[in-house]
Amino acid sequence: MVLNGQYQQYEEAKRRLEQERDVVLNPLNRLGDKVANVNERIQDAKEIFGRKFQLVQDQVQSMLEKIEEDKLYQDEMLELRRQEISMLSLDVDRFFEQELKMRKEQELKLQAFVEDRSGALKLLVSEQSRQRYEQVELIEGSLASEVPSVQDQIRELKLSREYKENFVLEQVKEKMRESFQGVQ
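In the working numbering, the protein residues as written are 54 to 237.
1) Would a C-beta distance cut-off of 9 angstroms place E73 and R156 closer than the cut-off?
2) Less than 9 angstroms between the beta carbons of A66 and L141, yes or no?
3) I need the straight-line Cα distance from K162 to E168, nearest angstrom please.
4) State buried or exposed for I192, treating a residue as buried only when at least 16 other CB atoms are found within 10 Å of its CB.
5) With 16 as the cutoff for other CB atoms within 10 Å, does I95 come out buried or exposed?
6) On the premise that L84 lies in contact with I138, defined as a C-beta separation below 8 angstroms, what is that separation, rounded to the nearest angstrom?
7) When the distance is taken between beta carbons, is L108 closer than 9 angstroms to N92?
8) Between L70 and L143, which are expected to be in contact by the criterion C-beta below 8 angstroms, what is the C-beta distance as a whole number of angstroms?
9) Can the beta-carbon of F148 be found less than 9 angstroms from the beta-carbon of Q62?
10) Considering Cα atoms alone, identify which of F102, V145, E129 is closest to N57.
11) What does the alpha-carbon distance come out to for the pair L222 and Q188?
12) Output the distance between the C-alpha atoms of R183 and Q204, rounded to the nearest integer angstrom.
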């Protein structure tokens with residue numbers, strides 16, 4: 054936004070300078086033409102009237118000199134304004150170059166920061182992935198070694214329970230047979 058504002062100020066100053074030059078030079082040129090025309094008429098009248106107009110001619114000459122001096126002064130002022138505008142233009146160009154350079158430096162810093170952070174995140178993710186993989190393998194290994202022993206214990210308990218149930222059932226049957234035989 055600041056750059057646009059400075060550029061617009063530069064363009065506005067340039068446009069005003071051209072308008073002022075036209076405003077100053079056009080009337081001066083017309084005035085110079087008119088004075089030259091008046092000067093010719095005075096020359097004609099001088100021949101006719103002589104001394105009366107000598108004083109007027111001197112005054113007109115003095116005015117011409119003043120006009121010429123004013124014109125030179127205006128030209129010098131216009132040149133100074135052009136130089137000021139040129140200096141402002143150079144300053145604006147330098148400012149744009151510095152801004153561009155700063156933006157590029159900031160881009161590079163940001164890119165390095167992002168790459169550094171993404172590299173650190175990649176390392177962290179890969180380390181966590183490796184740890185999870187090792188934990189999964191450890192759990193699988195533990196399950197592979199402990200599941201058969203747990204299954205064996207379950208089988209042994211099942212067999213033991215079946216054996217005890219069968220033993221108790223046989224004893225109950227035996228007692229019932231003995232009871233039935235005693236009753237018969």
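Glycine included, C-beta positions come from ideal geometry on N, C-alpha and C. Predicted, not measured: the structure shown is a model, and the values here were computed from it.
The relevant details are as follows:
1) no
2) yes
3) 10 angstroms
4) exposed
5) buried
6) Not really, about 27 angstroms apart at Cβ, beyond 8 angstroms.
7) no
8) At roughly 16 angstroms, the Cβ-Cβ gap does not stay under 8 angstroms, so L70 and L143 are not in contact.
9) no
10) V145
11) 48 angstroms
12) 31 angstroms
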